[in-house]
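Q: Take a look at the following structure, please.
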Amino acid sequence: MNMLLPCRVSVYSEKGKTRIGMIKPTALLGFLSSWPRLAEIATDLIRMIDSSK
Numbered sequence: 001m002n003m004l005l006p007c008r009v010s011v012y013s014e015k016g017k018t019r020i021g022m023i024k025p026t027a028l029l030g031f032l033s034s035w036p037r038l039a040e041i042a043t044d045l046i047r048m049i050d051s052s053k
């Protein structure tokens, strides 16, 4: 799993607006791990990105 992390975050401009994009960690790692905290960490990461808007 450490080869897939840290999750890549892209910051780009589209139609005059700044955008932040990433592949959700649960989509990326869900097939590699059934670790229960994965969803919690993904939710925290998405919340941090959303709060930066």
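Going left to right, the sequence shown walks through residues 1 to 53 as UniProt numbering numbers them.
All residues carry an ideal CB built from backbone N, CA and C; glycine is no exception.
This one's a predicted model, so the numbers in the text were calculated from it and none came from an experiment.
For D50, collect the residues of the same chain with a Cβ closer than 7 Å to its Cβ; drop the 5 residues on either side in sequence, then sort them by chain order.
A: Along the sequence shown, one-based indexing puts residue 50 at 50. Within the same chain, D50 has no close Cβ partners at all.
Q: According to the Cβ coordinates, are V11 and T18 closer than 9 Å?
A: Translated into the one-based positions of the sequence shown, residue 11 becomes position 11. Translated into the one-based positions of the sequence shown, residue 18 becomes position 18. Yes, these two residues count as a Cβ contact at 9 Å.
Q: Report, in whole angstroms, the separation of the C-beta atoms of S52 and I20, which I expect to be a contact under 8 Å.
A: Here residue 52 refers to the residue found at position 52 when the sequence shown is read from its first residue. Here residue 20 refers to the residue found at position 20 when the sequence shown is read from its first residue. About 7 Å separates the two Cβ atoms, so the contact holds.
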